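Residues in the sequence shown are numbered from 3 upward in steps of one, following our numbering. Glycine included, C-beta positions come from ideal geometry on N, C-alpha and C. In this text, all values refer to a predicted model and were calculated from it rather than measured experimentally.
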Amino acid sequence: FSREGELVEYESRLATVLCGTDMSSGWPLMTFVPHKGADQYVIKAVVVWINRLGYDKVLIQYDQESPMRAVVELVQKELGASKVQLRESPKGSKQSLGGAEGNNRQMAGMLRCWLSFLRDRFPAAADLDINHLVVPWLCRHIAWLWARLHVRHDRMTPF
């Protein structure tokens, strides 16, 4: 199914995007994933995001998917077990990732909005789809914009 809830016939409308949320500051991670699994691009993106957060220790809670487990284990190996602790969310428990799931919806909505804007504003981009070269950059840019400009309930931005 597509993000619009329609049955997808064309693979060009599908994408895998890894999202994460720092639950303390609200700083999001959104990175385009070329394919599920332990891809070096994805691991580097997560490592850079964690280092940018500036914490001495972090806890990564993730769902039960094997590709996700492989990614977080390699991130832990890269940064060290003393800095990164891992916790798999309980099986069948959607609530345990509730804050992150809300962030996923927000980031997906913003990506759809930006893609729609680019198609409408630039006639040459009318056939822009999720496989375009700008999408990986756009995913990371959207997360940065949210961190930089979104004012939280405490009147602070994650930035």
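- E75 carries a helical assignment under DSSP once its states are collapsed to helix, strand and coil.
- With a cut-off of 8 angstroms on Cβ pairs, the region 42-56 is not in contact with the region 114-132, counting fewer than three such pairs.
- By the neighbour-count definition (other C-beta atoms within 10 Å, threshold 16), D24 is a buried residue.
- If you check the CB distance, V77 and V35 do not come in under 7 angstroms.
- According to DSSP, M32 shares a beta bridge with C21.
- Put simply, of L55, D131, A83 the residue whose alpha carbon is nearest the alpha carbon of A149 is L55.
- Counted as a single uninterrupted DSSP element, the beta strand (DSSP E) harbouring I62 occupies residues 60-64.
- In this structure, the beta-carbon distance from V19 to C141 falls below 7 angstroms.
- In this structure, DSSP gives L135 a state outside helix and strand, which the three-state scheme calls coil.
- Just so you know, the alpha carbons of M109 and I132 end up roughly 14 angstroms apart.
- Going by DSSP, L88 is part of the beta strand (DSSP E) stretching over 86-90.
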